[in-house]
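Student: Just dropping this structure here.
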Amino acid sequence: MPTASINRRQFIKLSSFASSGLAIGFMIPGLPALALSPTDCEFFQPSAYLKIDKKGKVTVYVAKQESGQGVDTALPMIIAEELDVDFKDVKSEVAPYGTLKEGEHDTGGSQSVMTMYDTLRKAGAVAKAMLITAAANVWKVKDSVCAADRGEVVNTANNKRIAYGELVCKAALLPVPKEVTLKSPKDFKLIGKAEKRTGLTDILTGKTKYGIDIKVDGMLYAVAERCPVLGGSLVSFDDSAAKRIPGVVKVVSYKGTGVPMHVHDGVAVIATNTWAAIKARKLLNITWSEGNRNTDSTDELFKTFAQKAKEKPAIEVFKKGDTRITNSKQTFTSEYAEPFLAHGTIEPMNCVASVTGENLEIWGGLQLPDWTVNTIAKDCGFKKEKIKVNLANMGGAFGRRLHFDFAIEAVKIAQQIDKPVKLLWERTDDIKFQPYRPANYHMLKADTDGKTITSWYHHVLGTPVSYMTEGMDSKHPEEMDGADKGFCYAVPNVYTGYTPVDININRGWLRSVDICVNTFPVESFIDEIAVQLKQDPVTFRLSILEGQPDFKTGDDPGAMTQSPARVAGVLKMVAEKIGWTAPRKPNHYIGIATHSFIFAKSYAAHAIEIEMLASKKFRIVRVVAAIDCGLVINPDGLMNQMQGGLAFGLQQTLKGEITVSNSRVAEDSFYSYELLTFAEMPPVEIYVIDSKEEPGGVGEVGLPTVAPALCNALAAAGYRPRTLPIRKEGFSWV
Amino acid sequence: MPSYKLNVNNTEYTVEAEADMPILWVLRDLLNLTGTKYGCGVASCGACTIMIDGNAAFGCQRPVASCVNKKIITVEGLSADGSHAVQKGWQKAAVPQCGYCQPGQMMAAAALLEKDKNPSDDAIAAAMSGNLCRCGTYHRIKEAIHYAIEELKH
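Chains as they are written, first to last, in the numbering used here: chain Y, 1 to 734; chain W, 1001 to 1154.
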């Protein structure tokens, strides 16, 4: 069978597929596996998402970037389900950059399963339908006589079987069906069963290559010294001492960039190994001009927040009813503060870049590779089609690699040397120069009729991410919406407003961005009101959740659905499982919080039991979590994400804080920006609501209710923390 | 540039490096053993944990000159096929999320079990206290160590 015709047929098939309305993505020529031109038909590849070889082994090309969230397992499971193959015959690879339509590689917002679910089911079903037709043709029977079963097609008339691997050459020549039938979820065999991660053995034997492990021929190593103040500039540098370090090849400087991706001016040492570059960097003698915004501090920022919190919000975010006219019996007011946070991925930022004439090739972990390419093309002077991207495994992301400041730097450095260069951010660079989760402040006010809340006022103050990504005239401080159209509690009058306050420090998105920022004040304040009204915090929440119908957040196509019933469902689950109504041991207190992670269509709650050991000193006895994320693809991955959310949330609650003085970040390592440790991880039980709803996201959902649940427990013990991290308020823990 | 003879994973290597180059960078950049990870360079995260003469050590803190005539074991040296008790424990507990810190975590656990085949939970917590995991896999790490302890009894 001539190879060329197979390949061409496959391409034609793929392009006709793309226009067939199946919305299954499309493939452009250049997928390496196809370009290899095998001497015989070696595999069947009906779409960009999977191929099956002659042994029946399936390779799934995963569109989303793996950073620990388990997409390299959950997404292949969806295909394997519809394809009816044994999951042990499935391996996972990153879909090569350029083989999918623009935006499909984008990884963030807990969206991977949600956005790929239908597409991957269709991709699996299409492949299965073609294999069935191929077998039916062999047996000269109708397709309807045949069925798929664990990697084989079965002739149901006589129970004869043909393995998928034996059908690949025949299936490859068939037209792609215009319509396919998907399984009924009740027939799912794989989805919903816990699967261990694909690639687990490679991780455990040290074979997995993360971006930082990539080595290309002739590659040199670089680290960079950056202008300490954003917007400052390089005046001059003396590299004579640095150049005396053996192994140093070159010292180069580069200009910073602004919107949408902020890069400081820098001086980079390029060497034959990382250590030489690190040593030489310390010997650079650099003069910077810091510019006129070099006196900003978080102390001043929070003073400004507190002062402006009393004024009218600059921007109205949401209004319902009239919060000014109420016959309030009791009015409550509270203010809450949350600091800047760093992502602290254990793999620091890195990127390999190689420039040859007008061609650029980069290797690295990038959550938004299309935006990266488009911006680098513009900022560094390349034609988009001359940029080749090789996506790498990420040693943690948490939103950090949505930003690609490090990739821009690597390219600017590589433009000045004729060899590939790997730029490494040392840990101190990671803590001092990254896009931080914005600091924020909340003024909440509630009127009550003595029984329930009649009006809710939420003034959010923050340092917008959008000022960094869109500019100071940005009108979309979306990460700080407060109680908006999706506010799940039944309150007749609501007013939410926002006041942006700028500070000369880079900002960015971090796991659970806006929802985390708002759930701490909202779930703390609800608790405060319940206690003030002498009501049980669980019963009080349920009284303004239950009975409310699901509602849409608007009429636009992007409108989301809010389900107060599901918010209540997870709350009731944790209350029951922690024994909310049972008598408590002496000095034991329980705090509780619930929420809707609206844009990932998931809901989660936490209940945390603490024991007070002394004034403001406590230990966490146990944590109970509940999640309702609709249909669960991989329960094992879900458990990981819920445990991870707890660890991440606890770090923020207890001790995570980035402080700024003279427009510089004070913290510089994990000694000063502490992560949660092995001993600090409390016992946790995780409960999953059985749901037939469509699958929601889970990567960020286990985080937002951790802080308010713990703070509500401390409040029950007599100490209400309103500032994170609680260490700032004098709390300690064992 | 000085030259050093090293024993890594029971293989003899000769490397040319500055005396103060941490063994971490010798392994990663010169020997291409990238299973040992860089995390902080200042002994604050444990990602670079290896075994030197059976003891857990931070690779970022050990100059190459101090590693001569010692037996260095990295994650690649536990086993290439995942058959070491610690790797089996990690496999059974399906520990990794991103997986980046796990080589260091496994080396810390392996070093603990070299000395004590049946450590208490307190001893486990003490041995693992220098290894950070941002993904929050600590419960599974603990579970994996218990599986490894069981494995060693057979």
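Don't be surprised by glycine CBs; every beta carbon is placed ideally from N, CA and C.
Is Ala1110/W close to chain Y, meaning its C-beta is less than 8 angstroms from at least one C-beta of that chain?
Tutor: False, the Cβ-Cβ gap to chain Y never drops below 8 angstroms.
Student: What residues are listed by DSSP as bridge partners for Tyr1013/W?
Tutor: Note: Tyr1013/W sits in a beta bridge opposite Leu1006/W.
Student: Closer than 7 angstroms between beta carbons: that is the criterion. Which residues of the stretch 417–440 of chain Y meet it against chain W?
Tutor: Listed by position along the chain: Glu426, Arg427.
Student: Considering only C-alpha positions, which residue in the set Thr119/Y, Val263/Y, Gly365/Y is nearest to Tyr210/Y?
Tutor: Nearest of Thr119/Y, Val263/Y, Gly365/Y to Tyr210/Y, Cα basis: Gly365/Y.
Student: Using a beta-carbon distance cut-off of less than 8 angstroms, what residues from the stretch 1127–1154 of chain W approach chain Y?
Tutor: Under the 8 angstroms Cβ criterion, the stretch 1127–1154 of chain W contributes Met1128, Ser1129, Asn1131, Leu1132, Cys1133, Arg1134, Cys1135, Gly1136, Thr1137, Tyr1138, His1139, Arg1140, Ile1141, Lys1142.
Student: Short of 8 angstroms Cβ to Cβ, which residues in the stretch 1053–1087 of chain W face chain Y?
Tutor: Result list: Thr1074, Val1075, Glu1076, Leu1078, Ser1079, Ala1080, Asp1081, Gly1082, Gln1087.
Student: Between Asn273/Y and chain W, is the shortest Cβ-Cβ distance under 8 angstroms, so that the two count as touching?
Tutor: It does: the Cβ of Asn273/Y has a partner Cβ on chain W nearer than 8 angstroms.
Student: Using DSSP's beta-bridge definition, name the partner residues of Cys146/Y.
Tutor: The partner list for Cys146/Y (beta bridge, DSSP) reads Asn155/Y.
Student: Please state the DSSP three-state secondary structure of Pro76/Y.
Tutor: Three-state DSSP puts Pro76/Y in a helix.
Student: Considering only DSSP beta bridges, list what Thr356/Y is partnered with.
Tutor: Partner(s): Asn359/Y.
Student: Taking one C-beta from the stretch 375–387 of chain Y and one from the stretch 73–84 of chain Y each time, how about it: are there three or more such pairs within less than 8 angstroms?
Tutor: With a cut-off of 8 angstroms, the stretch 73–84 of chain Y and the stretch 375–387 of chain Y do not count as touching, because too few Cβ pairs lie within range.
Student: Taking the alpha carbon of Ala63/Y as the point to measure from, which residue in Leu368/Y, Pro464/Y, Asp550/Y has its own alpha carbon closest?
Tutor: Ala63/Y has its Cα closest to that of Leu368/Y, out of Leu368/Y, Pro464/Y, Asp550/Y.
Student: Under the DSSP definition of a beta bridge, which residues are partnered with Tyr61/Y?
Tutor: For Tyr61/Y, which the question treats as bridged, DSSP gives the partners Glu93/Y.
Student: Could you check what DSSP says for Tyr719/Y in three-state terms: helix, strand or coil?
Tutor: Three-state DSSP puts Tyr719/Y in coil, outside helix and strand.
Student: Taking the alpha helix (DSSP H) that Phe648/Y belongs to, which residues open and close that run?
Tutor: Its alpha helix (DSSP H) spans residues 635–654.
Student: Thinking Cys351/Y and Trp288/Y are a contact (beta carbons under 8 angstroms), I'd like their distance in whole angstroms, please.
Tutor: Not quite, the Cβ-Cβ distance comes to about 23 angstroms (not below 8 angstroms), so this is no contact.
Student: Looking only at C-alpha atoms, which of Thr133/Y, Thr705/Y, Leu676/Y sits nearest to Thr519/Y?
Tutor: The shortest C-alpha separation from Thr519/Y is found at Thr705/Y.
Student: Hey, does Leu368/Y have any beta-carbon neighbour from chain W nearer than 8 angstroms?
Tutor: No, Leu368/Y does not count as interfacial toward chain W.
Student: With a cut-off of 8 angstroms, do at least 3 Cβ pairs link the stretch 219–235 of chain Y to the stretch 289–298 of chain Y?
Tutor: Counting Cβ pairs under 8 angstroms, three or more are found: they touch.
Student: Helix, strand or coil for Leu131/Y per DSSP?
Tutor: Leu131/Y: helix per DSSP, three-state reduction.
Student: Report yes or no: is there a C-beta of chain W within less than 8 angstroms of the C-beta of Lys462/Y?
Tutor: Residue identity check: residue 462/Y is Gly in the sequence provided, not Lys. Not one chain W Cβ lies under 8 angstroms of Gly462/Y.
Student: Rank Ala1125/W, Thr1074/W, Gly1089/W by C-alpha distance to the C-alpha of Asn1007/W and give the top, closest one.
Tutor: With distances taken between Cα atoms, Asn1007/W lies closest to Thr1074/W.
Student: Helix, strand or coil for Tyr495/Y per DSSP?
Tutor: Strand.
Student: Is Asp187/Y helix, strand or coil by DSSP?
Tutor: Of the three classes helix, strand and coil, the one that applies to Asp187/Y here is helix, per DSSP.
Student: What is the DSSP secondary structure of Asn390/Y, reduced to helix, strand or coil?
Tutor: Three-state result, Asn390/Y: strand.
Student: For the stretch 107–122 of chain Y against the stretch 607–622 of chain Y, are there 3 or more C-beta pairs whose distance is under 8 angstroms?
Tutor: Flag = no, the stretch 107–122 of chain Y and the stretch 607–622 of chain Y do not touch.
Student: Which partner residues does Leu423/Y have in the DSSP bridge list?
Tutor: DSSP, once it has assigned bridges, lists Ala222/Y, Cys351/Y as partnering Leu423/Y.
Student: From Phe1058/W to Lys1071/W, what does the alpha carbon distance come to, in whole angstroms?
Tutor: Each residue's alpha carbon lies about 14 angstroms from the other.
Student: When you compare each of Ala127/Y, Asn712/Y, Glu179/Y, Ser67/Y to Lys170/Y by their alpha carbons, which one comes out closest?
Tutor: Checking every option, the nearest Cα to that of Lys170/Y belongs to Ala127/Y.
Student: Whether or not the stretch 694–705 of chain Y and the stretch 1008–1026 of chain W are in contact is what I'm after, with contact meaning three or more pairs of Cβ atoms, one per stretch, closer than 8 angstroms; do they touch?
Tutor: At 8 angstroms Cβ cutoff, the stretches do not touch.
Student: Below 8 angstroms, can you find three or more Cβ-Cβ pairs linking the stretch 683–693 of chain Y to the stretch 626–646 of chain Y?
Tutor: Verdict: yes, contact present.
Student: Thinking Arg722/Y and Ala397/Y are a contact (beta carbons under 8 angstroms), I'd like their distance in whole angstroms, please.
Tutor: The pair is not a contact, with the Cβ atoms about 30 angstroms apart (cut-off 8 angstroms).
Student: Note down the Cα distance separating Pro29/Y from Gln651/Y, rounded to an integer number of angstroms.
Tutor: With a pLDDT of only 31 at Pro29/Y, under the threshold of 50, the placement of this residue in the model should not be trusted; the figure read from the coordinates follows. Each residue's alpha carbon lies about 46 angstroms from the other.
Student: Please list, in chain order, all residues of the same chain as Val567/Y whose beta carbon is under 6 angstroms from its beta carbon, the five residues on each side excluded.
Tutor: Taken in chain order, the residues that qualify are Cys488, Leu545, Thr594, Ser596, Tyr603.
Student: Please name the residue in Pro435/Y, Ala490/Y, Trp456/Y, His606/Y whose C-alpha comes closest to that of Thr331/Y.
Tutor: Out of Pro435/Y, Ala490/Y, Trp456/Y, His606/Y, Trp456/Y has the C-alpha closest to the C-alpha of Thr331/Y.
Student: When the Cα of Pro521/Y is compared with those of Gly247/Y, Ile627/Y, Leu710/Y, Gln548/Y, which residue comes out closest?
Tutor: Per the Cα distances, Leu710/Y.
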